[in-house]
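Taken in sequence, the protein lines are chains F and L.
Residues 1 to 733, numbered by my numbering, are exactly what the first sequence covers, in order.
Residues 1 to 733, numbered by my numbering, are exactly what the second sequence covers, in order.
C-beta atoms are modelled at their ideal positions from N, C-alpha and C, and glycine is treated no differently.
There are 2 protein chains.
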Amino acid sequence: MNSSKPRKIVFIVSLSFLAFLLGVITGYFSRPVHKDSSQQLLEKLNRDGDWRLLEQFKEYVDTGYIDKVIRDLTRRPGLAGTPQQKINAEYILDLWQQQGLRAEIVQYNVLLSYPKGNHTNKVSLYDASGRELFTSKSHEKVLVEEESPEEVVQPFNAYSPSGIVKGDLVYVNYGRAEDFERLKAAGINVSGKIAIARYGKIFRGNKVKFAEDSGAIGVILYSDPADHTSPGDERYFPGGMWLPGSGVQRGNVVLIKGDQSTQGYPSTNYSYRPGEEEISKRFPSIPCHPIGYEDANFLLGSMVSGKVWQDWQGSLNLTYHLTGLMDNRTVLMDIQNENVYRPIYNVIAKISGTIEADRAVIFGCHRDAWVYGAVDPITGTSILMETARIFAKVYNSGWRPRRSIVICSWDAEEYGLVGSYEWVEDNMKWLQNEAVTYVNLDSGISGNYTFSSRTVPLLHDAVYKSTMALPSPYPHDSTDTLYTDWRSRSETRSGLPHPKIHPIGSGSDHTPFIALAGIPSTYSEYTGYIVDGKVIPMDDYPLYHTRYEQYELVKMIDPGYTLAKTITLFHCELIRELVDARILPLNVRTYAGVIVVNIRQLEKFRADFKVNKVEYAELLASTERLKTAARIFHQKIAHLDHNNPLQVRMINDKLQSVERAFIVPEGLPLRPMYRHLLQSPSGLNHYGGTGFPGLEDLLELPNSNPEKWPQIRKHVTILTHSIYSLAKFLEND
Amino acid sequence: MNSSKPRKIVFIVSLSFLAFLLGVITGYFSRPVHKDSSQQLLEKLNRDGDWRLLEQFKEYVDTGYIDKVIRDLTRRPGLAGTPQQKINAEYILDLWQQQGLRAEIVQYNVLLSYPKGNHTNKVSLYDASGRELFTSKSHEKVLVEEESPEEVVQPFNAYSPSGIVKGDLVYVNYGRAEDFERLKAAGINVSGKIAIARYGKIFRGNKVKFAEDSGAIGVILYSDPADHTSPGDERYFPGGMWLPGSGVQRGNVVLIKGDQSTQGYPSTNYSYRPGEEEISKRFPSIPCHPIGYEDANFLLGSMVSGKVWQDWQGSLNLTYHLTGLMDNRTVLMDIQNENVYRPIYNVIAKISGTIEADRAVIFGCHRDAWVYGAVDPITGTSILMETARIFAKVYNSGWRPRRSIVICSWDAEEYGLVGSYEWVEDNMKWLQNEAVTYVNLDSGISGNYTFSSRTVPLLHDAVYKSTMALPSPYPHDSTDTLYTDWRSRSETRSGLPHPKIHPIGSGSDHTPFIALAGIPSTYSEYTGYIVDGKVIPMDDYPLYHTRYEQYELVKMIDPGYTLAKTITLFHCELIRELVDARILPLNVRTYAGVIVVNIRQLEKFRADFKVNKVEYAELLASTERLKTAARIFHQKIAHLDHNNPLQVRMINDKLQSVERAFIVPEGLPLRPMYRHLLQSPSGLNHYGGTGFPGLEDLLELPNSNPEKWPQIRKHVTILTHSIYSLAKFLEND
């Protein structure tokens, strides 16, 4: 018994200890720890974006759908204001609704321009006795079978006034400001003549305006082979991608965008429209008309006076002359267009955010085309549609975005960004408060050479980051990304590691977002031509705005839709980052850096500024302050308490309105319809961007204008103030 | 042993059980339950305002401090641009800094107007032979001892041009639009004559403008006893509050506010200023000058032609005539003013919010005065100062506001709201993003009769609620509140339970906040005269803008500072609610209701609208939609998850920008410097508000103007669109 006692004690102690242990465990786990609603709520609100979603995007992306969309939407001409555009809108609406997206058609009634009734616009050449030697073709040849060729609108320039003008010709090269200056310097008079300009380099509307300002009575626009073919390469469409002689580039010639009858407000059913006379002030006052190079050959071949400078010589097989028709010939333009009110149809889909439903990323591409528009805009539209389909699919599999996504198919872009302008004007109130960015698409695949992007500085980083996340469409090895690919093909600024991103300029539907509402915008595409391993330098793809933008063209540019797939995934990834990142991926340091670089380019005016008492030093000082403020602001972000949803929101609210610091209600001094001090298009080329568009306009004024320097002084004050304001806004807390 | 076995078992079981129990307890409490940081954080973020703070306000309020501020700031004239105003700014800065507030002086360099050098502005009367019969007094008599009477600026109208004009007189009553119409209808020609107008009813600048438009060559403004004394009561200052015969009302006569040299941007050291000629276009083109009724007596007494209508007769002891001087007498005005650039000093203090530092309530009152300004603005400034002191004190005792409070002492208000305009222009970027409301003070205690408020509809409820929380300054019983008191003295609109709140109009420093930036504003005071139990009807207090606004006057109006204390507590309570309420106290339903009422007042134009194709029905429809949207929006607030700080912020963000829905960048059609479609001042009276100021301007145009109805059609489109936009903004989520 004695020997068993210690054993018993050991047993009892062990048992008690076990019981205690069991109790501890029971007690511990029986205590409710409410991974309580507070914690759950905060976890939800503080969730960051998840880059792994890209794997799903890659899995879902379907070139078959891209092909189907392109094929379906290029069967018949998609001209704005025609019944087909309503059918196309409903086609998209149906698809989106089938995919589970909340979508609707939003209609506006707008003023569009068409060749009048049965009239054929034409340019003719007459001999001294009045006999017609030549008349421009009324239609481009049918080269690939078409379902309804009769629906193809004849070549014309939208909003050209009607008119019959007759006279001598003057060749104005690309019709840029510097071209007209060169003519003037050479003593060549444009006044009273018909200007003939080749397409390219700048927006056609600017060419017409410069011609008008020089006293021309009409403008003929033509596509020179130098800019639309490759020397020695005879693969014209449909045998290749070069422009055939009968191809004509259509296009509008207005410098004020949106519906011409409702400037500053939307074209709703209750909207006031001024009379025709009032509206016509917004159009060129002289007729203009586009022709192909087969026709231009007759006109340029009749010119005999003043051999052109070397760089003005195009590629037609003749010696280009500045003016003077042989044998007292005359040229006649007979243009009859009419402006009519027609309904247009935007299709708008929305995926609501679950954490910040009142913050929206807008993604849009136009749908209307001059003819079939296979490249412009249907490559873009197909990418928009595929991106929308993929987002619908990940949404249906349970993904919920932090912010809202609004997806838009615009109508009547070709008429001067009409669909997007009217929608932005209509939705300005909430857009200015709640839109974080606008992502634009247009010709998504206009070439096969390189990725290219036009983006405001705030979004540069986001674009770079998205391209870095994607594989190269043409990989040499497994480390090649879209980014490395792009970098290897891009001109880079010396000293900067990244491929070049272009200023946003105008020319597509981002314009009302950035230049009216101040919403940071980006617009990317695959562009440039590489043929048989050779890079072909050209401004745009040769078949732009011609009848030959057909399905077959896309199949030549991007045969397996490798590029379309890449650009789709790029947009999926970019939009994912924009809607899901806890902190908006907008970089103010980059913006400050770009402003500093642009200001350095004003150095050349420094002496003029000094003489004319322009407060240039203060402008420099404001930029330095912004640079510092931006640096400190981003340091603050780095040290932010990401657990506090209001701190995060406050930072995002600042980021979101950085771009709006440069919106001035009165607009630019000479172009009040553009309100962005930095990101409005250049006054010399509507397609292009420039550092300080308002200042550039004023610097172009002749020194003899007494208002020139006072206006510059005032504008520099406003620039300086806007930069200081932004700095103070970032510093403020 | 056998008997002990069961006992042993019981013992072992009990022991184990106890050990287990001990274990459970140990385990349970050893588990960390973190009343975790998440919960604490959410509790902090979701904190609502605490009305009990009012008890502290009541405890702290100190009429001794109010008295000290009034006494200190009325010792010497506080004219803008003089050295004393810098001293006064530093006085306030010192007090605020002593109280622990973060404060600074913000300086602008602006164009101010003064009588020129040693010249004395005057109005004289000559007989036919050119002998001077009378000249207006150069100074008001000194009636109460003054420390530095030589610093008192002679009576003048700021920004009146210099000039010598000579001619006949025409009496234009109050110089309102209807007064000039009546003269015209009666065949009395104003053209080529000097207009003599009595002060009152409308802003003096409008009187001068109407006179100028009628062809007058000069304007004499005088204070008629009818509007500045009480019949049979001889208690003139300093024996009472009535205007003595020598008292003259000073004041500016410009219709565009802010620094006249920097329209649209702040007057910083680097700001561009146009030349003098350009700036002078913004001033009246004819000289004007104010006189007292002693002097007016000579002029009006010399007039003989056309007895005035009954309601034009003033209270001077003579028969008023419309025109015609006896015995070929003539009147001469000799005015020499100069415009000079001078520094002005705003003092700005800030208490940063702890939860939403980026949301700010701005509270301001001007500090400058024409002379001593004891009422205007020093009663207001003393209330501002006492409110600031109380907030500093509760802050120092541990209270932390949710949002930020910015407290502003404005300079140069008397010159056309210059200090506040320049500051708003300077700070526009963050104000438009981050300001939630502006609370204005000016003459805080201009009378002893009733509480009165000019407030935008969004803030009506907040004003009512704050008055309900406060005891009556004159209680009949313990249930009397400031609200019941106010209601018993106010005209109420039939059918509405609340005392009347006036439209905000202009006339004080809220103008740039509401009419340029769209920040909901409110402006309250104690006003109206009750003398010996009798209510005296008058537009404004009789000594307004005269030398006699001295400390002694305030002691007569509010002897024990009962009213000043009440108005201080009102502002403490209102600001507390605005900065601390979890949901901003802005009521969109009220706004919608006011718009509906205002639109009903357009009914009288219905026939005209129909004939001229104005889309009136759609305007009505938009209002109905807004009403519904506002109702649903407030229902949503009522059912909001107050636990979710982002949901709360999203609602507040919408509320905060409701007012901005009515800001249009292009401004009103005829007055682009005002940008608010609803809350801009009336074009007929700068002091007043009106339902649709832009529309009112256009409806005043003669029907012969071919632009009238097209402009109205366009403006109604813009009104309709802004109302629909707000409705959509509220509906959107």
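Exercise. Is the beta carbon of L/Ala80 less than 8 Å from the beta carbon of L/Glu577?
Worked result: Indexing the second sequence from 1 puts residue 80 of chain L at position 80. Indexing the second sequence from 1 puts residue 577 of chain L at position 577. No, they are not a contact pair.
For this session: Out of L/Ser521, L/Thr562, L/Val535, L/Tyr544, point me to the one whose CA is closest to L/Pro475's CA.
Result: For the purposes of this step, residue 475 of chain L is taken as residue 475 along the second sequence, with counting starting at 1. Distances from the alpha-carbon of L/Pro475 to those of L/Ser521, L/Thr562, L/Val535, L/Tyr544 put L/Thr562 closest.
For this session: Would you tell me roughly how many angstroms separate the C-alpha atoms of F/Val165 and F/Thr323, rounded to the nearest one?
Result: Taking the first residue of the first sequence as 1, we reach residue 165 of chain F at position 165. Taking the first residue of the first sequence as 1, we reach residue 323 of chain F at position 323. The C-alpha of F/Thr323 is placed about 17 Å away from the C-alpha of F/Val165.
Exercise. Mind checking L/Met1: buried by the 16 CB within 10 Å criterion, or exposed?
Worked result: As a first step, residue 1 of chain L must be located in the second sequence, where it is residue number 1. Annotation note: pLDDT 48 at L/Met1 (below 50); position unreliable, coordinate value reported separately. L/Met1 comes out exposed.
Exercise. Going by the CB atoms, is the gap between F/His676 and F/Leu255 shorter than 8 Å?
Worked result: The residue labelled residue 255 of chain F in the question sits at position 255 within the first sequence. The residue labelled residue 676 of chain F in the question sits at position 676 within the first sequence. No, these two residues do not count as a Cβ contact at 8 Å.
Problem set entry | Residue-level contact to chain F via CB, L/His642, 8 Å cutoff | Counting from one through the second sequence, the residue named residue 642 of chain L turns up at place 642. With 8 Å as the cut-off, L/His642 does not count as an interface residue toward chain F.
For this session: For the stretch 647-718 of chain F, list the alpha helix (DSSP H) runs that are entirely contained and at least 4 residues long, ordered along the chain.
Result: Within the stretch 647-718 of chain F, complete alpha helix (DSSP H) segments of at least 4 residues are found at 693-699, given in chain order.
Exercise. Hey, quick one: how far does the beta strand (DSSP E) through F/Tyr523 stretch, first residue to last?
Worked result: Mapped onto the first sequence, residue 523 of chain F falls at position 523. For F/Tyr523, the uninterrupted beta strand (DSSP E) run begins and ends at 521-527, by DSSP.
Exercise. What span of residues does the beta strand (DSSP E) with F/Leu459 cover, start to end?
Worked result: What you label residue 459 of chain F is simply residue 459 of the first sequence in a count that begins at 1. Following the DSSP letters along the chain, one finds F/Leu459 in no beta strand (DSSP E), marked with neither H nor E.
Exercise. How far does the alpha helix (DSSP H) with F/Ala772 in it reach, from first residue to last?
Worked result: Here chain F comprises residues numbered 1 to 733, so residue 772 of chain F is not present and cannot be evaluated.
For this session: Can you say whether F/Asp641 is buried or exposed, counting buried as having 16 or more other CB atoms within 10 angstroms of its CB?
Result: Along the first sequence, one-based indexing puts residue 641 of chain F at 641. Per the 10 Å Cβ criterion, exposed.
For this session: Kindly indicate if chain L contains any beta-carbon less than 8 Å away from that of F/Pro559.
Result: For this step, residue 559 of chain F is matched to residue 559 along the first sequence. Residue contact with chain L for F/Pro559: absent (no Cβ-Cβ distance below 8 Å to any residue of chain L).
For this session: Provide the residue(s) that pair with L/Gln779 in DSSP beta bridges, ordered along the chain.
Result: This structure leaves residue 779 of chain L out entirely; chain L is present only between 1 and 733.
Exercise. In whole angstroms, what is the alpha-carbon distance linking L/Leu646 and F/Val371?
Worked result: As a working note, residue 646 of chain L is residue 646 in the second sequence. As a working note, residue 371 of chain F is residue 371 in the first sequence. C-alpha separation (whole angstroms): 48 Å.
Exercise. Quick one: what does DSSP say F/Asp224 is sitting in, helix, strand or coil?
Worked result: Counting from 1 along the first sequence, the entry for residue 224 of chain F is found at position 224. For F/Asp224, the secondary structure class from DSSP, reduced to helix, strand or coil, is coil.
Exercise. Would L/His571 pass as a contact of L/Ile383 if the rule is Cβ separation under 8 Å?
Worked result: Taking the second sequence and counting its residues from 1, one reaches residue 571 of chain L at position 571. Taking the second sequence and counting its residues from 1, one reaches residue 383 of chain L at position 383. The answer is yes: Cβ separation under 8 Å.
Problem set entry | Residue interval of the beta strand (DSSP E) (run including F/Gly205) | Within the first sequence, the letter at position 205 stands for residue 205 of chain F. Here F/Gly205 belongs to no beta strand (DSSP E); instead the alpha helix (DSSP H) covers 204-213.
Problem set entry | Selection from L/Gly192, L/Ile530, L/Pro238, L/Gly232 that minimises the alpha carbon distance to L/Gly218 | Within the second sequence, numbered from 1, the residue matching residue 218 of chain L stands at position 218. Distances from the alpha-carbon of L/Gly218 to those of L/Gly192, L/Ile530, L/Pro238, L/Gly232 put L/Gly192 closest.
Exercise. Name the chain F residues whose beta carbon is nearer than 7 Å to that of L/Gln39?
Worked result: Residue mapping note: residue 39 of chain L aligns to position 39 of the second sequence, counting from 1. Here the neighbours are Asp36, Ser38.
For this session: Please list the partners that F/Ile355 has in chain L, where partner means a Cβ-to-Cβ separation under 9 Å.
Result: For the purposes of this step, residue 355 of chain F is taken as the residue at position 355 of the first sequence. In chain order: Leu646.
Exercise. Going along chain L, which residues have a C-beta under 8 Å from F/Val24?
Worked result: What you label residue 24 of chain F is simply residue 24 of the first sequence in a count that begins at 1. What F/Val24 touches in chain L: Gly23, Val24, Thr26, Gly27, Ser30.
Exercise. Given a threshold of 16 other Cβ atoms within 10 Å of its Cβ, counted over all protein chains shown, does L/Asn269 qualify as buried or as exposed?
Worked result: Numbered from 1 along the second sequence, position 269 holds the residue referred to as residue 269 of chain L. Exposed is the call here.
Problem set entry | Nearest to L/Ala638 (by Cα), restricted to the options L/Leu626, L/His545, L/Ile651 | Along the second sequence, one-based indexing puts residue 638 of chain L at 638. Among L/Leu626, L/His545, L/Ile651, the Cα nearest to that of L/Ala638 is on L/Ile651.
Problem set entry | Residue range of the unbroken alpha helix (DSSP H) whose run includes F/Asn433 | As a first step, residue 433 of chain F is located in the first sequence; it is residue number 433 there, counting from the start. Where F/Asn433 is concerned, the enclosing alpha helix (DSSP H) starts and stops at 418-434.
For this session: List the DSSP bridge partners of L/Ala197.
Result: Here residue 197 of chain L refers to the residue found at position 197 when the second sequence is read from its first residue. The beta-bridge partner set that DSSP reports for L/Ala197 consists of L/Leu221.
For this session: Inspect the beta-carbon positions of L/Ser271 and F/Thr717 and report whether they are closer than 8 Å.
Result: Walking along the second sequence from the start, residue 271 of chain L turns up at place 271. Walking along the first sequence from the start, residue 717 of chain F turns up at place 717. By the CB criterion at 8 Å, L/Ser271 and F/Thr717 fall inside the cutoff.
Exercise. In three-state terms, what does DSSP make of F/Gly324?
Worked result: Start at 1 with the first residue of the first sequence, and residue 324 of chain F comes out as number 324. Looking at F/Gly324 - three-state DSSP - the assignment turns out to be strand.
For this session: Please decide whether F/Met650 counts as near chain L, where near means a Cβ-Cβ distance under 8 Å.
Result: Locating residue 650 of chain F in the first sequence gives position 650, where the first residue counts as 1. Yes, its Cβ sits closer than 8 Å to a Cβ of chain L.
For this session: Using the DSSP secondary-structure output, state which residues sit across from L/His366 in a beta bridge.
Result: As a working mapping, residue 366 of chain L is identified with position 366 in the second sequence. Beta-bridge partners of L/His366 (DSSP): L/Trp410.
For this session: Mind checking who L/Ile164 pairs with in its DSSP beta bridge?
Result: Along the second sequence, one-based indexing puts residue 164 of chain L at 164. In the DSSP assignment, the residues bridged to L/Ile164 are L/Asp334.
Exercise. Out of curiosity, what's the CA-to-CA distance linking L/Ile70 and L/Phe451?
Worked result: Sequence index remark: in the second sequence, residue 70 of chain L carries index 70 (1-based). Sequence index remark: in the second sequence, residue 451 of chain L carries index 451 (1-based). Spanning the two alpha carbons is a distance of roughly 20 Å.
Exercise. Where L/Thr381 and F/Gly258 are concerned, what is the direct C-alpha to C-alpha distance, given to the nearest angstrom?
Worked result: Within the second sequence, residue 381 of chain L is the residue found at index 381, counting from 1. Within the first sequence, residue 258 of chain F is the residue found at index 258, counting from 1. Spanning the two alpha carbons is a distance of roughly 50 Å.
Exercise. Got a sec, what are the start and stop residues for the alpha helix (DSSP H) L/Tyr551 sits in?
Worked result: For the purposes of this step, residue 551 of chain L is identified with residue 551 of the second sequence, where counting begins at 1. Note, L/Tyr551: alpha helix (DSSP H), 551-557.
Exercise. Quick one: Cα of L/Gly27 to Cα of L/Phe20, how far?
Worked result: Here residue 27 of chain L refers to the residue found at position 27 of the second sequence. Here residue 20 of chain L refers to the residue found at position 20 of the second sequence. C-alpha separation (whole angstroms): 10 Å.
Problem set entry | Reduced DSSP secondary structure (H/G/I, E/B, other) of L/Trp242 | Along the second sequence, one-based indexing puts residue 242 of chain L at 242. Correct three-state label for L/Trp242: strand.
Exercise. From which residue to which residue does the beta strand (DSSP E) around L/Ser305 run?
Worked result: Here residue 305 of chain L corresponds to residue number 305 of the second sequence, with the count starting at 1. L/Ser305: member of the beta strand (DSSP E) spanning 303-307, first to last residue.
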